[in-house]
Amino acid sequence: MEKQIATTTEDQPKHFDFISSICLSLIALYIVFGSIKISKEVGGPFYSSPGLLPLFLGCMLLLCSVLLFARSLKKTGISGNISTLKAWFAEVSKSKDVMNMLIGIVILGIFTFVLMPTFPFLISSFIFMVFLMKVLDAGSYLKVIIISACVSATVYTLFQIIFKVPLP
Amino acid sequence: MAIQYILDTFTQLLSPINLLTLVLSVFFGLLVGVLPGLTSTMAVALLTGLTYGIAPETAILSLIGVYVGAISGGVQTAILLNIPGTPAAAATALDGYKIGQRGEAGLGIFLGNASAFLGTIFGAIAVLLLTPLLSVLSLKFGSWEFFLLALFGVIMCGSLASGGDTLKGWISGILGLFVAQIGLDALNSYPRFSYGNVDLMAGLPLIPIMIGLFGFPEIVNSFKNEKVKAIKEEMTYRVRKGISILISKFATVIRSGFMGVGVGVIPGVGEDVAGWLSYWAARVSSKNKEEFGKGAYEGVIAAETGVNATIGGNIIPVLTLAVPGSTSSAVLLAALWLHGYRPGPLLMTETPGFIYTISIYLVVSAFVMLILGLIISRYTVKLLQIDKRILMPIIFVICAVGSFVIDNKFFSVYIMFIFGIIGLLLSKTKFPAAPFLLGVVLGPMADSNLRRSLVLSDGSLAPLFTRPICLVFVIIIAIMILAQFKVFSKLQAVLFKKKANES
Numbered sequence: 047m048e049k050q051i052a053t054t055t056e057d058q059p060k061h062f063d064f065i066s067s068i069c070l071s072l073i074a075l076y077i078v079f080g081s082i083k084i085s086k087e088v089g090g091p092f093y094s095s096p097g098l099l100p101l102f103l104g105c106m107l108l109l110c111s112v113l114l115f116a117r118s119l120k121k122t123g124i125s126g127n128i129s130t131l132k133a134w135f136a137e138v139s140k141s142k143d144v145m146n147m148l149i150g151i152v153i154l155g156i157f158t159f160v161l162m163p164t165f166p167f168l169i170s171s172f173i174f175m176v177f178l179m180k181v182l183d184a185g186s187y188l189k190v191i192i193i194s195a196c197v198s199a200t201v202y203t204l205f206q207i208i209f210k211v212p213l214p
Numbered sequence: 031m032a033i034q035y036i037l038d039t040f041t042q043l044l045s046p047i048n049l050l051t052l053v054l055s056v057f058f059g060l061l062v063g064v065l066p067g068l069t070s071t072m073a074v075a076l077l078t079g080l081t082y083g084i085a086p087e088t089a090i091l092s093l094i095g096v097y098v099g100a101i102s103g104g105v106q107t108a109i110l111l112n113i114p115g116t117p118a119a120a121a122t123a124l125d126g127y128k129i130g131q132r133g134e135a136g137l138g139i140f141l142g143n144a145s146a147f148l149g150t151i152f153g154a155i156a157v158l159l160l161t162p163l164l165s166v167l168s169l170k171f172g173s174w175e176f177f178l179l180a181l182f183g184v185i186m187c188g189s190l191a192s193g194g195d196t197l198k199g200w201i202s203g204i205l206g207l208f209v210a211q212i213g214l215d216a217l218n219s220y221p222r223f224s225y226g227n228v229d230l231m232a233g234l235p236l237i238p239i240m241i242g243l244f245g246f247p248e249i250v251n252s253f254k255n256e257k258v259k260a261i262k263e264e265m266t267y268r269v270r271k272g273i274s275i276l277i278s279k280f281a282t283v284i285r286s287g288f289m290g291v292g293v294g295v296i297p298g299v300g301e302d303v304a305g306w307l308s309y310w311a312a313r314v315s316s317k318n319k320e321e322f323g324k325g326a327y328e329g330v331i332a333a334e335t336g337v338n339a340t341i342g343g344n345i346i347p348v349l350t351l352a353v354p355g356s357t358s359s360a361v362l363l364a365a366l367w368l369h370g371y372r373p374g375p376l377l378m379t380e381t382p383g384f385i386y387t388i389s390i391y392l393v394v395s396a397f398v399m400l401i402l403g404l405i406i407s408r409y410t411v412k413l414l415q416i417d418k419r420i421l422m423p424i425i426f427v428i429c430a431v432g433s434f435v436i437d438n439k440f441f442s443v444y445i446m447f448i449f450g451i452i453g454l455l456l457s458k459t460k461f462p463a464a465p466f467l468l469g470v471v472l473g474p475m476a477d478s479n480l481r482r483s484l485v486l487s488d489g490s491l492a493p494l495f496t497r498p499i500c501l502v503f504v505i506i507i508a509i510m511i512l513a514q515f516k517v518f519s520k521l522q523a524v525l526f527k528k529k530a531n532e533s
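First to last, the protein sequences are chains A and B.
Heads up: the first sequence begins at 47 in this note's numbering, then just goes up one per residue.
Heads up: the second sequence begins at 31 in this note's numbering, then just goes up one per residue.
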């Protein structure tokens, strides 16, 4: 089942093109309107405005997104793309791989946004590595604790003591 | 006289303290290059402070050594983990990682190190021979040329890193260029897309973006439950095979060497541009274009030779004009001043032997780098055999540290995470990350030079067609874009049809 999903997502990028071209078009429109707003706020000749290059980039992005959108509709059309997307989403929401990846991302996020700013590096990195390695079932507690402690100490020694680079 | 200078330099080099300094500084440089987030600029800057108070020739030797080591060190993690140790190694990762995944990481690292060695030697020869000529050419680059160079870089990278889907490559490049526009603009200091956030006003830091784009997807993909087949790594470098590959691709080495030196001489254009440019040229002229991006040896050879040839190229304007070719060489220039040297037009009259000294330092540093690089990789290559469930949490900690040490701000770590998510989305939707990164690198250069040029020409675009270098760039860019729309093949078909009808 897992393999089937992987194959489905790998072999059918058309519906990805369909959805990504819509998202990119929205981003492009945001860039275009943002750039026009910047140019109006700054005033002066348009060619020296800070909004010039962003406007150019926004227009180029919009053009490329429209081309991508048109390309994604070539064989399947809008309804075909939507039904493929629905089927893909239904499969993916049941996938264990995707769940594992999402849990992993959440743990990485907790380390980045909570542990690192709260605790000193030696403690935060140790807690993070022990936790993530256990979630990934990398080995016994003893093994995981020894590896995490060694890595935290080595990184600390290398950066903080040898290179004199301050760590959080 | 030249022979006397060369002999004097070798006499200096043979002193035990200088030999030890050389080995230690190259090793330090390699270590910095291997660790993602630590750059050659940082390495040279860190060492400059430590060299204060020691003999000038020893100090300069150590700085050249660390510069060469740091630029070359990035190849190891690029091949083993798909995380370029330095931005310059991003082009190497494109094929190098695939070579590593094939179980030929040892051979890949040998090719990378040997190409880096050849590139550095090429740069050293250029310092000696081409200094006056290339300096004159680089002075002809104005704002228009710099803007077009940036545009050309992104279009070129979008075409070659997209795996056949150029449209996606260009979209990725445009997104990267846009990300570089966030923050205060260089001419009016207007905060663009900053929403009143002070950190955003300072612009987004490059290194955390690079680490996020390339490292994060690898880490997250390893969380999958599937049993990944262990990669059987050959621990031997297969030196003979490596050398025969290098000999068969010697034209690539020479071409990339020239490109690296050429790019290095142009102020403000870093090693990463040279890597991409050399890679592009290798792909365009290769008979096996389809192999690029899938583990082509030539890709690694071209990128590493080009990147390392820029070291010599960067030093040329430092010595002759006191204008640095890159940020690393800007720090080197400051170090030269610190140790009593006066780079610039007077250097050749005040210290005529200095140019020979620098060239020889580059050559010996390259030799030491080659040997140490191969010794180090005996240990780094074993990374592939470590269980990914243990390795990846460790890698993420190093990525976070690498992002934090750039400016000691948590903001940079947050940026690494956010761009990691973007990198993951890009990889899942088959958009290449490399043009995105190059867009971020070249974005500020494109913006400031475009507007400066337009201000100077009162908004006129005429200089694009009246300046010779600009015209060459415009023609190349137009060809690259039109080629994607198959204009030329259609034109060819129409012409041949006409001829056939006539006959």
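Built from N, CA and C at the ideal position, the CB exists for glycine as well.
query: Contacting residues, own chain, Cβ-Cβ under 6 angstroms from B/SER55 (five flanking each side not counted); result: SER92, GLY95 and VAL96
query: The alpha helix (DSSP H) enclosing B/ASP477, as first and last residue numbers; result: 464-486
query: Proximal chain B residues relative to A/PHE205, where beta-carbon distance stays under 8 angstroms; result: VAL431 and VAL435
query: Near-chain B residues of the segment 148-177 of chain A - C-beta to any C-beta below 8 angstroms; result: ILE149, GLY150, ILE151, LEU154, GLY155, PHE157, THR158, PHE159, MET162, PRO163, PHE167, SER171, PHE174 and MET175
query: Proximal chain A residues relative to B/VAL443, where beta-carbon distance stays under 7 angstroms; result: THR158 and MET162
query: Rounded C-alpha distance that separates B/ILE239 from A/LEU113; result: 27 angstroms
query: Per-residue contacts from B/VAL495 into chain A (C-beta, under 8 angstroms); result: The question names Val, but residue 495 of chain B is Phe in the sequence shown. In chain order: nothing, as chain A lies at least about 17 angstroms away.
query: Test item: CB-CB of B/VAL157 and B/ILE345 under 9 angstroms; result: yes
query: Residues of the segment 381-405 of chain B with Cβ closer than 9 angstroms to any Cβ of chain A, in chain order; result: none
query: Alpha carbon of B/LEU486 to alpha carbon of B/PRO235, nearest angstrom; result: 30 angstroms
query: DSSP-derived helix/strand/coil call for B/LEU214; result: strand
query: Beta carbon proximity, A/LEU188 to chain B, threshold 9 angstroms; result: no
query: DSSP three-state assignment for A/PRO214, whether helix, strand or coil; result: coil
query: Euclidean distance between Cα positions of B/LYS324 and B/ALA108; result: 14 angstroms
query: Member of B/ARG419, B/LEU77, B/GLN34 and B/SER483 whose CA lies at the smallest distance from the CA of B/THR51; result: B/LEU77
query: Alpha carbon of B/PRO373 to alpha carbon of B/PHE244, nearest angstrom; result: 38 angstroms
query: Residues of the segment 208-222 of chain B with Cβ closer than 8 angstroms to any Cβ of chain A, in chain order; result: PHE208, GLN211, ASP215, LEU217, ASN218, TYR220 and ARG222
query: Span separating the alpha-carbon of A/LEU250 from that of A/PRO91; result: Missing from the structure shown is residue 250 of chain A; chain A here goes from 47 to 214 and no further.
query: Segment contact flag, the segment 77-92 of chain A with the segment 109-126 of chain A, C-beta cutoff 8 angstroms, min 3 pairs; result: no
query: Proximal residues, the segment 60-76 of chain A versus chain B, C-beta separation under 7 angstroms; result: PHE62, SER66 and LEU70
query: Cβ contact (3+ pairs, closer than 8 angstroms) linking the segment 326-337 of chain B and the segment 305-313 of chain B; result: yes
query: For B/ARG408, three-class secondary structure by DSSP; result: helix
query: Partner residues on chain B for A/LEU131, Cβ-Cβ distance less than 9 angstroms; result: Under the 9 angstroms cutoff, chain B gives no residues; its nearest Cβ is about 12 angstroms from A/LEU131.
query: Rounded straight-line distance, which links the Cα of B/CYS187 to that of A/VAL176; result: 40 angstroms
query: Cβ of B/GLY99 within 9 angstroms of any chain A Cβ; result: no
query: Unbroken stretches of the beta strand (DSSP E), 3 residues or longer, contained in the segment 119-167 of chain A; result: none
query: Outcome for A/LYS86 when other beta-carbon atoms lying within 10 angstroms are tallied against a minimum of 16; result: exposed
query: CA-to-CA distance, B/GLU301 to B/LEU349, given in whole angstroms; result: 18 angstroms
query: Under 7 angstroms by beta carbon: chain B residues contacting A/ALA184; result: ASP417, ARG419 and ILE420
query: Min CB distance B/GLY63 to chain A below 9 angstroms; result: no
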